[in-house]
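Per my numbering, the very first residue in the sequence shown carries number 30; after that it's consecutive. These notes are about the structure you will find just below.
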Amino acid sequence: MTNAITADLTDQVVVITGGSRGIGFAAAQALGKLGATIVIVSRDLENSSSATRQLVSQGIDADSICLDVSDGEAVRTALSGHPIASRADVLINSAGVMSEKMAKTLRTSDQEWHRVMSINLDGTFNMIAAIGPQMAARKSGRIINVSACLGRFTGPGLAGGLAPYRISKTAVNALTKNLAAELGNGTRGVLVDAMCPNHTRTDMGGPDAPRSAEEAADTIVWLVTREHDAQTLTGLLWEDRQIVPW
């Protein structure tokens with residue numbers, strides 16, 4: 030059993046893609062209850078508005094932006110002009126889509142490949158490109174990319190199938206590690222990490238998955254709130270608050 034998190038995130042702005050439901054929404058609730066201002070980014074206006082109302086009803090300072098993260102220009106325009114999101118202290122890239130069940134490498138259409146990559150990989154990059162420079166300039170910030178066990182070069186990541194999804198998450202891992210190195214692996218004030226939520230009861234994971242969204246979001250909340258000093262490890266893949274192999 031993990032220790033309860035009691036950090037004070039007052040005055041911290043957390044931007045969460047895919048934050049209107051599932052793991053993203055669970056992270057939004059948990060971080061909002063610690064005092065953070067939450068900005069949900071979702072391409073579904075109804076879902077994002079409903080999620081924001083739920084957070085506000087719980088006493089959380091929250092707002093939402095209706096935005097397709099796969100559109101880089103739209104992301105830059107929306108975030109640069111938003112009075113809260115433009116000063117984000119934390120970026121959580123939780124938006125993602127699953128491959129079609131039979132999408133093996135030699136059985137994937139161009140359309141299916143681009144559908145998955147545009148959200149899972151391009152969307153992650155677009156959000157980082159829009160928010161990351163301000164964090165680097167301030168020498169302060171945290172970027173957490175939601176990856177997947179299927180994107181690892183170990184364990185279930187070696188089984189094949191679901192090709193666009195697996196490959197997109199492997200690419201997110203590479204993006205995480207590369208960006209962390211470019212930002213000095215934490216020595217310049219910005220922590221960049223990826224995490225595996227494991228099989229979770231969400232729209233993507235299905236109702237029979239063993240883990241709740243709240244359990245899956247725990248590592249995200251921990252990465253946001255952990256202490257940062259010269260010895261802090263970053264540029265890594267985490268699962269249940271532990272480092273796991275890529």
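Every residue gets a Cβ at the ideal spot worked out from N, C-alpha and C, and that includes glycine. Every value quoted in this text rests on a predicted model; they were computed, and no experiment measured them.
Ordered along the chain, which non-local residues of its own chain (more than five positions away) have a Cβ less than 6 Å from that of D151?
One-based indexing of the sequence shown puts residue 151 at position 122. Counting only residues of its own chain and dropping the five nearest sequence neighbours on each side, D151 has a CB closer than 6 Å to the CB of S99.
Under the three-state DSSP convention, the category D222 falls into:
On the sequence shown, residue 222 is found 193 positions in, with the first residue counted as 1. Strand, per DSSP.
Buried or exposed, going by whether 16 or more other CB atoms sit within 10 Å of the CB of P226?
Numbered from 1 along the sequence shown, position 197 holds the residue referred to as residue 226. Per the 10 Å Cβ criterion, buried.
Local conformation of T263 per DSSP, three classes:
Here the question's residue 263 lines up with position 234 in the sequence shown. T263 carries a coil assignment under DSSP once its states are collapsed to helix, strand and coil.
Where do the N-terminal and C-terminal ends of the beta strand (DSSP E) with R144 fall, by residue?
Numbered from 1 along the sequence shown, position 115 holds the residue referred to as residue 144. DSSP places R144 outside any beta strand (DSSP E); the residue lies instead in the alpha helix (DSSP H), whose first and last residues are D139 to M146.
Return helix, strand or coil for V250, following the three-state DSSP convention.
Here residue 250 corresponds to residue number 221 of the sequence shown, with the count starting at 1. Of the three classes helix, strand and coil, the one that applies to V250 here is helix, per DSSP.
CA nearest to the CA of A223, picked from P193, G180 and G190
Numbered from 1 along the sequence shown, position 194 holds the residue referred to as residue 223. Distances from the CA of A223 to each of P193, G180 and G190 were compared; the closest alpha carbon is that of G180.
Neighbourhood of V221 by C-beta, 7 Å cutoff - its chain only, sequence neighbours within 5 removed:
Indexing the sequence shown from 1 puts residue 221 at position 192. Cβ within range, chain order: I172, T205, L208, A209, L212, T263 and G264.
Ends of the alpha helix (DSSP H) at T46?
As a first step, residue 46 is located in the sequence shown; it is residue number 17 there, counting from the start. That residue, T46, is in no alpha helix (DSSP H); its beta strand (DSSP E) goes V42 to T46.
Alpha-carbon spacing of R105 relative to I157, whole angstroms:
Taking the sequence shown and counting its residues from 1, the one referred to as residue 105 is at position 76. Taking the sequence shown and counting its residues from 1, the one referred to as residue 157 is at position 128. One C-alpha to the other measures close to 10 Å.
Quick one: give me the first and last residue of the alpha helix (DSSP H) that T205 is part of.
For the purposes of this step, residue 205 is identified with residue 176 of the sequence shown, where counting begins at 1. Run containing T205: A192 to E211, per the alpha helix (DSSP H) assignment.
Using C-beta distances below 8 Å, list every residue in its chain close to R255, excluding the 5 sequence neighbours before and after it, in chain order.
Against the sequence shown, residue 255 aligns to sequence position 226. The residues T261, in chain order, have a CB closer than 8 Å to that of R255 in the same chain once the five nearest residues on each side in sequence are set aside.
C-alpha gap between I196 and A59, whole angstroms
By one-based count along the sequence shown, residue 196 stands at place 167. By one-based count along the sequence shown, residue 59 stands at place 30. The alpha-carbon atoms of I196 and A59 are separated by roughly 30 Å.
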